[in-house]
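Structure first, then comments.
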């Protein structure tokens, strides 16, 4: 006999009491300059960019709470999409911008939306959701005498594998035009496809980092599709890492292979013929605060008091030159907050009745900050 | 499970923690050893390659005779890599290194039996010259001026001429 009958409960507690919620799907066609704030779901299917590359931890946490991964389209989303549309026709040297704003304002979410927009617009997408993992001494590293940097072969393997999974159909027609610049790599032939080149790198970890650099270089030369390089925890790349060299000296981020590659694209030392480099600052991990050189390049107030005598690294100043800030407003507009409130209301996560009073009180307590509004306000309140 | 010099290191433990199982290696020395062999912080014993295990074992077997690492050149922002791969810089002999570099804790590292022998020899030397420290070890009493009216139990248990270490 089913448990619900034996317990005489009014309903079977094992069944979900949530009906399927029908939000529209996030697609470039839906994002227009006059789009009002609304909730759009991500398809989040296998081999999609967000599913394969992953998302930041705070975004993943929310995605697991939602019935289907979704986000709110805000004004900053539309302005980011505008910038990407402009960037799709020109070199990434003129389209390097960094999402900045207060803690909990929605930088990571905006970057996720940018990645999804580019993926659905048939860009070639490379997304690194947790750049801290490249500098926190969590992956193997080894010194390379040719590049005079420390190669992170496992991280390079992971990025290359995900790049291939997400962009396989988009890079099918791309071939290696010339091997003149790649004499250090054996087995390369002019005319070989990028797909076979990547598969060659995935089989041999000793050359995987070199293959990743070659693939990025070739993607930069082609003009058939724009390329997006998106990095969250961007500030972690502009300071010393937690790696140590054999003499126990701290290794700077630009002496690690993958952070160096990203910094070169961020500083236009390398560029994509069409595309953009987009970063997002994160305040989640206090071990990697916003460094002075990056805050001055983006014209943001540094987190700690500084002055003209504060130490600045000329190398990092060079790598941060030319970055444009894209400010994410700290406060949600009332219409955006209303949409967010409606999302959580439809998910039946509120402990109390969904009234205007609850909405306005939590919005005011959070001062419009999205994270405070949702996590501290709506989800933690016991107010009735 | 990996055995190095008779010490069992568990597969699922981090290398920089597992190395502290050796007598004479604490957390700072273990971190330096991991950096010396380019083992990252989150590396577990089961992830070590056989060549890494061999090099660790040979280092720990005789840290004083292991050649020192040279200072590896690092790329400037404008560095252009050459087309061929240069050879790895040669390891340095002890007499090729400055006095400052010899202060590296790994240079004079002693572990296990060698360290225990050094401690026994130090205590025996104090006894031989008839110092206060030697007499206190012989009596099984505290050496460093601790109270003996109460406590001093560990000193009575451990302080001997043939101290186990």
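Residue numbers (full-length UniProt numbering), protein chains in the order written: chain A, 1 to 384; chain B, 1 to 165.
A virtual CB, placed ideally from N, CA and C, is assigned to each residue, including glycine.
Just so we're clear, the structure is a prediction, and the values are computed from it rather than from any experiment.
Between A:120, A:102, A:202 and A:374, which lies nearest to residue 42 of chain A when the distance is taken from Cα to Cα? Walking along the first chain from the start, residue 42 of chain A turns up at place 42. That would be A:120, whose Cα lies nearest to the Cα of residue 42 of chain A.
From the DSSP secondary-structure annotation, give me the bridge partner or partners of residue 324 of chain A. Counting from one through the first chain, the residue named residue 324 of chain A turns up at place 324. DSSP, once it has assigned bridges, lists A:97 as partnering residue 324 of chain A.
Going straight from the alpha carbon of residue 278 of chain A to that of residue 323 of chain A, what length do you get? Along the first chain, one-based indexing puts residue 278 of chain A at 278. Along the first chain, one-based indexing puts residue 323 of chain A at 323. Distance between the alpha carbons of residue 278 of chain A and residue 323 of chain A is about 9 Å.
Is the stretch 328-336 of chain A touching the stretch 24-37 of chain A, taking contact as three or more C-beta pairs under 8 Å? yes
DSSP bridge partner residues for residue 279 of chain A (one or two, in chain order): As a working mapping, residue 279 of chain A is identified with position 279 in the first chain. DSSP output for residue 279 of chain A lists A:98 and A:231 as bridge partner(s).
Am I right that residue 296 of chain A and residue 313 of chain A are in contact with their C-beta atoms under 8 Å? What's the rounded C-beta distance? Working through the first chain from its first residue, we reach residue 296 of chain A at position 296. Working through the first chain from its first residue, we reach residue 313 of chain A at position 313. Not a contact, Cβ separation roughly 11 Å.
Closest Cα partner of residue 276 of chain A within the set A:162, A:177, A:89 and A:25: As a first step, residue 276 of chain A must be located in the first chain, where it is residue number 276. It is A:89 whose Cα lies nearest to the Cα of residue 276 of chain A.
Under 8 Å between C-beta atoms of residue 238 of chain A and residue 291 of chain A: Taking the first chain and counting its residues from 1, one reaches residue 238 of chain A at position 238. Taking the first chain and counting its residues from 1, one reaches residue 291 of chain A at position 291. Taking 8 Å as the Cβ cut-off, residue 238 of chain A and residue 291 of chain A qualify as a contacting pair.
Would you identify the three-state DSSP class for residue 38 of chain A, choosing helix, strand or coil? Along the first chain, one-based indexing puts residue 38 of chain A at 38. Here residue 38 of chain A sits in strand by DSSP.
Going by beta carbon distance, what residues of the same chain come within less than 7 Å of residue 161 of chain B, once the five residues before and after it are set aside? In the second chain, residue 161 of chain B corresponds to position 161, counting from 1. Excluding positions up to five away in sequence, the list reads 123, 124, 127, 137 and 138.
Is there a Cβ of chain B sitting closer than 8 Å to that of residue 233 of chain A, yes or no? Taking the first chain and counting its residues from 1, the one referred to as residue 233 of chain A is at position 233. No, its Cβ sits nowhere closer than 8 Å to a Cβ of chain B.
Completely contained alpha helix (DSSP H) runs for the stretch 299-348 of chain A, where each covers 4 or more residues: 314-320 and 334-346
Would you call the stretch 212-226 of chain A and the stretch 238-247 of chain A in contact, with 3 or more CB pairs under 8 Å? no
For residue 377 of chain A, which residues of its own chain have a beta-carbon under 8 Å away from its beta-carbon, when the five flanking residues on both sides are left out? As a working mapping, residue 377 of chain A is identified with position 377 in the first chain. Correct list, in chain order: 362, 363, 365 and 366.
If residue 21 of chain A and residue 346 of chain A are in contact, beta carbons under 8 Å, what's the gap, nearest whole angstrom? For the purposes of this step, residue 21 of chain A is identified with residue 21 of the first chain, where counting begins at 1. For the purposes of this step, residue 346 of chain A is identified with residue 346 of the first chain, where counting begins at 1. That pair is a contact at about 5 Å.
Mind listing the chain A neighbours of residue 87 of chain B? Cutoff is C-beta to C-beta under 9 Å, in chain order. Numbered from its first residue, the second chain carries residue 87 of chain B at position 87. In chain order: 145.
Proximity test, Cβ basis, 8 Å: residue 242 of chain A and chain B: Translated into the one-based positions of the first chain, residue 242 of chain A becomes position 242. True, the Cβ-Cβ gap to chain B drops below 8 Å.
I want to verify the contact list: residues of chain A whose CB lies under 8 Å from the CB of residue 11 of chain B, in sequence order. To locate residue 11 of chain B, count along the second chain from 1; it is residue 11. By Cβ distance, chain A contributes nothing, its closest Cβ being about 17 Å from residue 11 of chain B, past 8 Å.
What three-state label does DSSP hand residue 37 of chain B in the structure shown? If you number the second chain from 1, residue 37 of chain B lands on position 37. Coil at residue 37 of chain B, not helix or strand.
Measure the beta-carbon distance from residue 273 of chain A to residue 91 of chain A and round it to whole angstroms, keeping in mind my assumption that it falls under 8 Å. As a position in the first chain, residue 273 of chain A is number 273, starting the count at 1. As a position in the first chain, residue 91 of chain A is number 91, starting the count at 1. Yes, residue 273 of chain A and residue 91 of chain A are in contact; Cβ-Cβ is about 6 Å, under 8 Å.
Near residue 179 of chain A, what residues of its chain come up, given a Cβ to Cβ distance below 7 Å and the 5 sequence neighbours on each side ignored? The residue given as residue 179 of chain A occupies position 179 in the first chain. So the qualifying residues of the chain are 188, 189 and 190.
Whose Cβ in chain B lies nearer than 9 Å to the Cβ of residue 184 of chain A? Taking the first chain and counting its residues from 1, one reaches residue 184 of chain A at position 184. Per Cβ cutoff of 9 Å: 81, 82, 83, 84 and 85.
Using DSSP's beta-bridge definition, name the partner residues of residue 252 of chain A. Reading the first chain from its first residue, position 252 is the one you call residue 252 of chain A. Residue 252 of chain A is bridged to A:240.
Check for me: the alpha helix (DSSP H) holding residue 214 of chain A runs from which residue to which? Position 214 of the first chain, counting from 1, holds the residue named residue 214 of chain A. Where residue 214 of chain A is concerned, the enclosing alpha helix (DSSP H) stretches over 208-221.
From the beta carbon of residue 142 of chain A, is the nearest beta carbon of chain B less than 8 Å away? Locating residue 142 of chain A in the first chain gives position 142, where the first residue counts as 1. It does: the Cβ of residue 142 of chain A has a partner Cβ on chain B nearer than 8 Å.
Note down the Cα distance separating residue 160 of chain A from residue 46 of chain B, rounded to an integer number of angstroms. Taking the first residue of the first chain as position 1, residue 160 of chain A is located at position 160. Taking the first residue of the second chain as position 1, residue 46 of chain B is located at position 46. Roughly 25 Å separates the two Cα atoms.
Determine the extent of the alpha helix (DSSP H) in which residue 151 of chain A is found, giving its start and end residues. Taking the first chain and counting its residues from 1, one reaches residue 151 of chain A at position 151. That residue, residue 151 of chain A, is in no alpha helix (DSSP H); its beta strand (DSSP E) goes 149-151.
Could you tell me which chain A residues have their CB closer than 8 Å to the CB of residue 77 of chain B, listed as they occur along the chain? Counting from one through the second chain, the residue named residue 77 of chain B turns up at place 77. In chain order: 254, 269, 315, 318 and 319.
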